[in-house]
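Chemist: First the structure, which I've put down as structure tokens, then a few questions once you've had a look.
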Amino acid sequence: MSKSNVNNISDILEQHACVTLNMTDCLRLIRFPASIIDVIRQVIITNWPRGLNKERQDIDFYEFKLYGNPWWDPNDDAILSRILMIHILSALYKHGWYLLTSTQISKRLYDKDSLIFQLRVPQPETSFFAISFNDYDKLRLICVPHELIPLVQQTLGKAMIQREAWCDGGKVYQFKLHGNPWIGHKKEAIISRIKLLSLLDCFNTFGWKLYASIDISQGDEGRDTDSWVFRRDIQ
Numbered sequence: 368m369s370k371s372n373v374n375n376i377s378d379i380l381e382q383h384a385c386v387t388l389n390m391t392d393c394l395r396l397i398r399f400p401a402s403i404i405d406v407i408r409q410v411i412i413t414n415w416p417r418g419l420n421k422e423r424q425d426i427d428f429y430e431f432k433l434y435g436n437p438w439w440d441p442n443d444d445a446i447l448s449r450i451l452m453i454h455i456l457s458a459l460y461k462h463g464w465y466l467l468t469s470t471q472i473s474k475r476l477y478d479k480d481s482l483i484f485q486l487r488v489p490q491p492e493t494s495f496f497a498i499s500f501n502d503y504d505k506l507r508l509i510c511v512p513h514e515l516i517p518l519v520q521q522t523l524g525k526a527m528i529q530r531e532a533w534c535d536g537g538k539v540y541q542f543k544l545h546g547n548p549w550i551g552h553k554k555e556a557i558i559s560r561i562k563l564l565s566l567l568d569c570f571n572t573f574g575w576k577l578y579a580s581i582d583i584s585q586g587d588e589g590r591d592t593d594s595w596v597f598r599r600d601i602q
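Residue numbers for the sequence shown follow this note's numbering, so the first one is 368 and each next one is one higher.
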């Protein structure tokens, strides 16, 4: 094999990188360039109000340890951690790192998903928001454009919504739903999934594509599930 071919293979092998959510407070970057580490550091400083505790450079990865418990706390940190993840995904996307998949590789207690990224040609600027399924009966829209709220209200229907309100300083719109849709059985389980499919249809109609489904935080009694992240190109 020629030297040029070896170099080409090396270039190909360095087109993938990984973000892992470790323990309750650590974010690890595996095989990202130094420039991206600097970008993520700034994202954390700007979007994690509890602050950055310390950093660690290892041979194989770079680790940020955050104050608080972003990958565990079911209360305030649960919302803040999802806002942080939205900004991390947005920053990586802007620099050409696109999420291929989120996968649960580690079986260690407290470890969450590993996010696998691929380096591509940077695309036009993109907006992100997320939805999370909390407790047994709450649906949260995080950093959502205000114009989507009436569409979600219409899609869910008055019969499903118990109450709703803005919270966390207007960054989150929360629906408390009737029943227990996230642990429902039989008909309730089917109805909740039909409603989620209808939400996907609704978002897709307005240009919002499902970009990721990520296990971000544990929560009490395992009641928190994946959070869905949506993206749309800015026109």
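Each residue gets a CB set at the ideal place from its N, CA and C atoms; glycine is no exception.
1) To the nearest angstrom, report how far apart asparagine 501 and leucine 447 are at their CA atoms.
2) Does the distance from the CB of alanine 497 to the CB of serine 594 come in under 8 Å?
3) Would you call the stretch 546-563 and the stretch 454-469 in contact, with 3 or more CB pairs under 8 Å?
4) Quick one: give me the first and last residue of the alpha helix (DSSP H) that asparagine 414 is part of.
5) Exposed or buried, which one is leucine 506 when buried takes at least 16 other CB atoms within 10 Å?
6) Looking only at its chain, what residues have a beta carbon closer than 6 Å to the beta carbon of leucine 394, apart from the 5 residues adjacent to it on each side?
7) With distances taken Cα to Cα, identify the nearest neighbour of arginine 417 among Lys554, Lys525, Leu451 and Tyr503.
8) With a 10 Å radius around its C-beta and 16 neighbouring C-beta atoms as the bar for buried, classify phenylalanine 542 as buried or exposed.
9) Taking all protein chains shown into account, do 16 or more other C-beta atoms lie within 10 angstroms of the C-beta of histidine 552, making it buried, or fewer, making it exposed?
10) Helix or strand or just coil, what does DSSP make of serine 469?
11) Are arginine 598 and serine 494 touching if we call contact CB-CB under 8 Å?
12) By alpha-carbon positions, which one of Val406, Asp504, Asp444 and Tyr429 ends up nearest to isoleucine 550?
13) Is it true that the CB of methionine 527 sits closer than 8 Å to the CB of histidine 513?
14) For aspartate 600, which residues of its own chain have a beta-carbon under 6 Å away from its beta-carbon, when the five flanking residues on both sides are left out?
15) So if DSSP puts glutamine 424 in a beta bridge, which residue, or which two residues, is it bridged to?
16) What whole-angstrom Cβ distance do tyrosine 429 and isoleucine 404 have, given they're in contact under 8 Å?
17) Per DSSP, what are the beta-bridge partners of asparagine 501 in this structure?
18) Where do the ends of the alpha helix (DSSP H) carrying lysine 576 lie?
19) Who pairs with asparagine 547 in a beta bridge, going by DSSP?
20) Between arginine 575 and the rest of its own chain, which residues show a CB-CB distance below 6 Å, the 5 nearest in sequence each way excluded?
21) Have a look at arginine 449 and lysine 554 and give me their C-alpha separation to the nearest angstrom.
22) For tyrosine 578, which residues in the same chain have their Cβ closer than 8 Å to its Cβ, ignoring the five residues on either side in sequence?
Modeler: Taking the geometry as given:
1) Position 134 of the sequence shown, counted from the first residue, corresponds to residue 501. Position 80 of the sequence shown, counted from the first residue, corresponds to residue 447. Approximately 14 Å between the Cα atoms of the pair.
2) Locating residue 497 in the sequence shown gives position 130, counting from the first residue. Locating residue 594 in the sequence shown gives position 227, counting from the first residue. For alanine 497 and serine 594, yes; Cβs fall inside 8 Å.
3) no
4) Taking the sequence shown and counting its residues from 1, one reaches residue 414 at position 47. From DSSP, the alpha helix (DSSP H) with asparagine 414 extends over 401-414.
5) Within the sequence shown, residue 506 is the residue found at index 139, counting from 1. With 16 or more other Cβ atoms within 10 Å, it is buried.
6) Taking the first residue of the sequence shown as position 1, residue 394 is located at position 27. The answer, listed in chain order, is Phe431.
7) Along the sequence shown, read from residue 1 onward, the residue named residue 417 stands at position 50. Nearest C-alpha to arginine 417: Leu451.
8) Looking up residue 542 in the sequence shown gives position 175. Buried.
9) The sequence position of residue 552 within the sequence shown is 185, counting from 1. So histidine 552 ends up on the exposed side.
10) Here residue 469 refers to the residue found at position 102 of the sequence shown. Three-state result, serine 469: strand.
11) Mapped onto the sequence shown, residue 598 falls at position 231. Mapped onto the sequence shown, residue 494 falls at position 127. Cβ distance < 8 Å, so arginine 598 and serine 494 count as in contact.
12) Residue mapping note: residue 550 aligns to position 183 of the sequence shown, counting from 1. Per the Cα distances, Asp504.
13) Here residue 513 refers to the residue found at position 146 when the sequence shown is read from its first residue. Here residue 527 refers to the residue found at position 160 when the sequence shown is read from its first residue. No, the Cβ-Cβ distance between histidine 513 and methionine 527 is not below 8 Å.
14) Within the sequence shown, the letter at position 233 stands for residue 600. Taken in chain order, the residues that qualify are Pro491 and Thr493.
15) In the sequence shown, residue 424 corresponds to position 57, counting from 1. Answer is Tyr429, bridged to glutamine 424.
16) Mapped onto the sequence shown, residue 429 falls at position 62. Mapped onto the sequence shown, residue 404 falls at position 37. The pair is a contact, with the Cβ atoms about 5 Å apart (cut-off 8 Å).
17) Walking along the sequence shown from the start, residue 501 turns up at place 134. DSSP, once it has assigned bridges, lists Lys505 as partnering asparagine 501.
18) Taking the first residue of the sequence shown as position 1, residue 576 is located at position 209. Segment 576-581 is the beta strand (DSSP E) holding lysine 576; no alpha helix (DSSP H) there.
19) Taking the sequence shown and counting its residues from 1, one reaches residue 547 at position 180. Looking at the DSSP assignment, asparagine 547 forms no beta bridge with any residue, so it has no partner.
20) Within the sequence shown, numbered from 1, the residue matching residue 575 stands at position 208. First, the amino acid is wrong: residue 575 is tryptophan here, not arginine. These residues qualify, in order along the chain: Phe597 and Arg599.
21) One-based indexing of the sequence shown puts residue 449 at position 82. One-based indexing of the sequence shown puts residue 554 at position 187. In a straight line, the C-alpha of arginine 449 is about 30 Å away from that of lysine 554.
22) As a first step, residue 578 must be located in the sequence shown, where it is residue number 211. Result list for tyrosine 578: Leu456, Leu466, Phe495, Val596, Phe597 and Arg598, in chain order.
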